[in-house]
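Heads up: the structure comes next, in structure tokens.
In full-length UniProt numbering, the protein residues as written are 1 to 199.
This is the structure in structure tokens:
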């Protein structure tokens with residue numbers, strides 16, 4: 001489980017596609033105290049650490065399903081990625097409950113700079129739109145954000161200076177893909193209400 005509060009922007013060191021994919025990434029903050037088998041969210045995708053060294057570098061295997069359903073399949077060496085370690089049970093939950101299970105890939109439609117923040121419009125798959133609500137939470141490439149408005153197949157978010165500086169979202173340009181994870185609570189509510197209706 002994660003919070004969507006990015007700890008650092010790491011870097012893709014290598015991509016091995018000889019057997020599905022193995023990513024090697026550099027992140028000195030998230031690798032502090034990390035052990036094989038620990039979970040690290042990479043651009044919002046929960047990955048299991050398969051090996052780590054003392055130099056801030058770790059590797060993770062990526063399944064074909066993950067490559068198909070996320071932006072990780074397009075990563076190349078040198079690419080920046082948002083990194084977050086799994087939250088500790090005794091830690092602070094500053095964002096919202098994030099599983100690291102990406103629901104789909106969206107696209108940045110537009111970016112409007114403000115005096116101290118940027119407003120972003122993001123297109124999402126229509127089947128995910130019902131889970132996004134104004135003032136609700138959504139995860140964009142691993143970043144927990146508050147939804148400012150919702151359209152038929154788009155939604156808006158505003159990025160404060162800290163988010164612009166401390167995540168990859170400050171570098172996004174229109175047309176760029178983003179990983180999206182909707183609020184898991186909304187999905188469970190829909191499932192439960194659907195079950196009630198079938199009784």
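For glycine and all other residues, C-beta sits at the position ideal for the given N, C-alpha and C.
Counting along the chain, residue 159 sits inside the beta strand (DSSP E) bounded by residues 154-159. Residue 40 is not a Cβ neighbour of residue 95, given a cutoff of 9 Å. Under DSSP, residue 141 shares a beta bridge with no residue. Between residue 15 and residue 43, the C-beta spacing is not below 9 Å. At least 9 Å separates the beta-carbon of residue 142 from that of residue 124. For residue 113, DSSP records a beta bridge to 118. Straight-line measurement puts the Cα of residue 179 at about 17 Å from the Cα of residue 150. The closest CA to that of residue 107, considering only 18, 70, 192, 2, is found on 70.
Check the Cα spacing between residue 121 and each of 25, 56, 155, 91: the tightest is with 155. Our two residues, residue 67 and residue 51, have alpha carbons roughly 20 Å apart in a direct line.
Between residue 136 and residue 2, the C-beta spacing is not below 9 Å.
Assignment of beta strand (DSSP E) within the UniProt repeat "Lumazine-binding" (1-96), counting only whole runs of 3 or more residues, yields 8-16, 21-26, 39-42, 45-52, 57-62, 80-85 in chain order. For a cut-off of 8 Å, the C-beta gap from residue 29 to residue 7 is around 5 Å, short enough to register as a contact. DSSP links residue 189 through a beta bridge to no other residue. With distances taken between CA atoms, residue 187 lies nearest to 128 out of 63, 152, 111, 128.
Judged by DSSP secondary structure, residue 134 falls outside any beta strand (DSSP E); it is assigned neither H nor E. Boundaries around residue 128 are those of the alpha helix (DSSP H), 126-129, since no beta strand (DSSP E) includes it.
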